[in-house]
Amino acid sequence: MRKFNIRKVLDGLTAVSAVASASSAAQQQQAGNRETEIQETLQSEHFQLCKTVRHGFPYQPSALAFDPVQKILAIGTQTGALRLFGRPGVECYCQHDSGAAVIQLQFLINEGALVSALADDTLHLWNLRQKRPAILHSLKFNRERITFCHLPFQSKWLYVGTERGNIHIVNVESFTLSGYVIMWNKAIELSSKSHPGPVVHISDNPMDEGKLLIGFESGTVVLWDLKSKKADYRYTHDEAIHSVAWHHEGKQFICSHSDGTLTIWNVKSPTKPFQTITPHGKQLKDGKKPEPCKPILKVEYKTTRAGEPFIILSGGLSYDTVGRRPCLTVMHGKSTAVLEMDYSIVDFLTLCETPYPNDFQEPYAVVVLLEKDLVLIDLAQNGYPIFENPYPLTIHESPVTCCEYFADCPVDLIPALYSVGARQKRQGYSKKEWPISGGNWGVITQSYSEIIITGHADGSIKFWDASAITLQVLYKLKTAKVFEKSRNKDDRPNTDIVDEDPYAIQIISWCPESRMLCIAGVSAHVIIYRFSKQEVTTEVIPMLEVRLLYEINDVETPDSEQVPPVPTPGTGSNPQSVVPQSHPSTSSSSSDGLRDNVPCLKVKNSPLKQSPGYQIELVIQLVWVSGEPPQQITSLAINSAYGLVVFGNCNGIAMVDYLQKTVLLNLGTIELYGSNDPYRREPRSPRKTRQPSGGMLTVASCMCGLSNLYSESVKKLRTSYISLCDINEGTVVPEDRCKSPTSAKMSRKLSLPTELKPDLDVKDNSFSRSRSSSVTSIDKESREAISALHFCETFTRKADTSPSPCLWVGTTLGTVLVIVLNLPPGGEQRLLQPVIVSPSGTILRLKGAILRMAFLDTTGSLVPPAHETWREHYEDKDEKEKAKKRRPVSVSPSSSQEISENQYAVICSEKQAKVISLPSQNCIYKQNITETSFVLRGDIVSLSNSICLACFCANGHIMTFSLPSLRPLLDVYYLPLTNMRIARTFCFTDNGQALYLVSPTEIQRLTYSQETCENLQEMLGELFTLVETPEAPNRGFFKGLFGGGAQSLDREELFGESASGKASRSLAQHIPGPGGIEGVKGAASGVVGELARARLALDERGQKLGELEEKTAAMLYSADSFSKHAHEMMLKYKDKKWYQF
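Numbering (our numbering), first residue to last: 2 to 1142.
Structure (structure tokens):
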């Protein structure tokens, strides 16, 4: 029995039931061999999973706040997230557990604290005096809905307005309600018969803290006297109010209304507005009222010492401006500037020199929070230029479709990318420094550089410097500029296979050492780029067209006019045809009128000027075949040492020599097997569906036991192009709405429409074939796609005595095939002699689609693929030097003698991982990673000077395994696969780093390294810094003499329990914050502690003042009695002569 099992292991076909006995037996058999001598240093204690930082624009923003002293910006979102921004490089992400939308944020200015109001009627107090902010207190309102909050500067009493029109007052020290309540029916006229609506505004008079201005939605504004508990004035208007703002002198305020008007009111003239303005209304003749406009959603009124005040507003455009972009209007004196925005305005704030509301405001900038952007406008310069935004908020400029992560890159790479990227920067920004400048940077403990590459729906690629948990864009490459663009939809070629975003990036393959870049796009196109610091003009863009076909019985032979590829010894069938490069394509239709031999996109035939940076080396396109569109590319690899690029799809595989610009290999997947094909296959037919023979692994079998969410259709998400931008958590996109890949709607011309339906019923007739779809899902489901490609220098056959260059190919049916590469010598010979490509006959099999392959040497170190080091391509150097540089560089840590002895292939599939000894091809270790789910991403990565396999499963588990033994080291439930965006973008890299796109606009980075987790606290920036609060404005002599200055108010006397009593217990519930140890420490030194200490100091000061007063009174009394006594003595001796004493 044991022998039988061992044989199964060695063949790589172990049954699931025999895993334990087989792997242990295999290990026993190999006990005397060299592989057992490898010392594995990684242990479970080296691993710990935690989130590090979140980059990008806050998804679905809903609220904005700014601390003018600390210079910190806060943004709340509809999903309950909180993002805090200080100086560039200082930012922080927090999350409310409830996930309710943030409706308002209020800083406790210069106190290191923030109050958030949520749509679920809770208030939260955040302590910002710690690197990871925590909630200190929460207050849940039970009977009322929160609509507006106001916290006066240097006050501990927060005014909370509600939907019922009432105002409650919260003590932010204890987070408890005061018994003082302003009821709506007391605030409005007694004669008024209707409810005034929700509270939309609360603010105190800048010059008199005892007067509170309350704005109701219906158009009523009330000036409430807090001491006398009654309304001083009521201002009524027949248009609904959206916002209110004070003039700093407290004598006027301005309201914005739903009909696009602004009304300015004098405080003491409540009967009618002092002035009514319609900023965007057309002034009609005959003195008639201007036509109504769209609502003015917000207005701010800011004064300056030297000139006219600023009135800044959002909205208010006239209704006839259809299609006009959202605008921010800046009115300054007689000039009105209308600033158009790219997205709708969520909120805006004016940044002013002073935090005191009763002083000249001196505005210098406006922060505008848009739906998908953050804009800062410089008010001090003519033309109101915008500031250059230093935050990495442009990740989503075009929706992200894929991303890759590289750690420990060559040291000269980031400076090189930065230098070419610096030339792309726009001009015309404000000359001033970025005004949001609070906080301090963390301590940099990482010495290595990291780069993130994002591919986008518009065909652009962005390189980001991600070193030391920061993010900064380095360089942007536009791949679409190589193609002709249709001006409008009517001009578009009928060869498109997607309705929108035909240039979208699907796969990125990059060699950091040689800087060679290769991308695969959604229109079945591949572009190879070479990095250069010089500008060049390419007269004719090098181009190849490849005809990848999926036929079994009827394989087409090359036409006389077509150039066949280099013969491939050992192949059982004729190679398929290659269309020669041409402008335009050779032919556009076959004899029966079907589209044939035409690519999906048209390459430009005019000279192309290429700036320094990435420049086109070669464009490869798959062409239509007899009316069938080309299938999208599912895997891609480039090797700079060999000068080769290879790609595959569900039809087959193609290899291109990009130095000689020739196609070397063009085979259907089936032809790779030759006579060794283990599967019974039939000719393709619209009606017949092929089933692999009994016991063979189908794609669907990898999905057994999964819930509906992880159904068969989701299984293929790596091989399909799907949108990562607009899919909400857990949404199912109906097939009939498939339009744009960037809105999660696939074109019907794509071959993968049903894959977006997680709850697809296999029995229904949605698989019926139509002319508009290239193949049915069942037909494609049974096709074997190329899912992994890896160039390497290793043993290709069992009999090999030395390693040689080869390509390892993995398929969706779990097969690994090896193709031998016979490369000519370097130098000129490399450009003249052909590369010979031949299948080796080696076939290995695993359960589930192959995801990743790598190779280890005898010491267990990773053997990276050979590569060239980068050099400037256009430099004229001595030919001999060039020949030397052209030779492949092997970067194995072992010597060539050790390589010839032994190697280990590490192969990871969706279900299992195997380590295979080479050249013997014995499976020495095997691990079934998951039975009920499937692996979405697997990477072989280095950590702590060792190697491990890291996997992310669809059931949300992140796992790591030691190599080569595949011993489990970490298994943590992290997050479930709630949408395809996570699946498509999740990637691991070296040194324990990983990332994924957590929302359409944000990248979440995480670490699985214990060392990084320990150092994270030091690396994070500090939001709160000790800054002295500016001095209060001087009241001046005459104002002090005649009482014209700001009036203070003892709020404690009014709102404290002794004066106002206790609030109703059922009104709101206090919830202590879950701050944890750090939160408790923060609280001790944080805002509550500070406020309590200040209060104690005031009490002590008051006590001392009281004692001083008593002593002074005693001294006055004794002085008075002394005076009286002296007076009596004087009267007594007044009339006596000196000699009578």
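Built from N, CA and C at the ideal position, the CB exists for glycine as well.
- Around the beta carbon of glutamate 540, fewer than 16 other beta carbons sit within 10 angstroms, so the residue counts as exposed.
- Using a Cβ-Cβ distance cut-off of 8 Å, the region 242-249 and the region 190-209 are in contact, since at least three pairs of beta carbons, one from each stretch, lie closer than that value.
- Approximately 40 Å separates the beta-carbon atoms of glutamate 363 and threonine 455; this is outside 8 Å, ruling out the contact.
- For serine 420, the enclosing alpha helix (DSSP H) starts and ends at 414-422.
- Within 10 angstroms of the beta-carbon of lysine 432 lie fewer than 16 other beta-carbons, which makes it exposed.
- Of the candidates Glu354, His196 and Ala118, the residue whose Cα lies closest to the Cα of proline 1034 is Glu354.
- Closest option to lysine 477, judged by alpha-carbon separation, among Cys651, Val483 and Ile462: Ile462.
- For arginine 831, the enclosing alpha helix (DSSP H) covers residues 829-833.
- Apart from the 5 residues on each side of it in sequence, valine 368 sits with its Cβ closer than 6 Å to the Cβ of Leu350 and Leu377 in its chain, given in chain order.
- Between proline 62 and isoleucine 73, the C-beta spacing is not below 8 Å.
- Apart from sequence neighbours up to five positions away, the residues of its chain that approach glycine 993 with a beta-carbon distance below 6 Å are Leu944, Thr1008, Tyr1009, Ser1010 and Thr1013, ordered along the chain.
- A residue is called buried once 16 or more other Cβ atoms fall within 10 Å of its Cβ, and lysine 212 is buried on that count.
- DSSP places glutamate 1015 in the uninterrupted alpha helix (DSSP H) bounded by 1011-1020.
- Distance from the CA atom of glutamine 155 to the CA atom of arginine 1052, rounded to whole angstroms, is 11 Å.
- Taking C-beta atoms under 8 Å as the contact rule, glutamate 372 and serine 345 qualify, at a distance of about 5 Å.
- According to the DSSP assignment, leucine 818 belongs to the beta strand (DSSP E) that extends over 816-823.
- When C-beta atoms of the region 823-836 are compared with those of the region 858-875, fewer than three pairs fall below 8 Å, so the two segments do not count as touching.
- Between glutamine 928 and the set Gly282, Gly849, Gln428 and Pro679, the nearest pair of CA atoms involves Gly849.
- In the assembly as shown, asparagine 946 is an exposed residue. Its beta-carbon has fewer than 16 other beta-carbons within 10 Å.
- Under the DSSP assignment, lysine 231 falls in the beta strand (DSSP E) whose first and last residues are 231-237.
- One thing to note: tyrosine 504 has its Cβ within 8 Å of the Cβ of aspartate 459.
- The three-state secondary structure of methionine 208, taken from DSSP, is coil.
- Nearest Cα to tyrosine 875 within the set Val916, Ser921, Ser918 and Glu536: Glu536.
- Secondary-structure assignment with DSSP links serine 918 through a beta bridge to Tyr905 and Asn923.
- According to the DSSP secondary-structure assignment, glutamate 869 is paired through a beta bridge with no residue.
- Contact between the region 188-195 and the region 170-179 is absent, with fewer than three C-beta pairs closer than 8 Å.
- DSSP places glycine 180 within a strand segment (E or B) once states are collapsed to three.
- By the beta-carbon neighbour count (other beta carbons within 10 angstroms, threshold 16), cysteine 51 is exposed.
- Threonine 843 is a Cβ neighbour of glutamine 922, given a cutoff of 8 Å.
- For phenylalanine 361 and lysine 299, the gap between their C-alpha atoms comes out near 21 Å.
- Glutamate 618 counts as buried, since no fewer than 16 other beta carbons sit within 10 angstroms of its beta carbon.
- Following the DSSP letters along the chain, one finds arginine 985 inside the alpha helix (DSSP H) bounded by residues 981-986.
- Annotated three-state conformation of leucine 1024 is coil, per DSSP.
- Within the same chain, Cβ atoms closer than 7 Å to the Cβ of leucine 824 are found at Tyr643, Pro806 and Val836, the five residues on either side in sequence being excluded.
- Taking glutamate 794 as reference, the option from Met854, Gln834, Glu785 and Lys194 with the minimal CA-CA separation is Met854.
- In the DSSP assignment, no residue is bridged to tryptophan 435.
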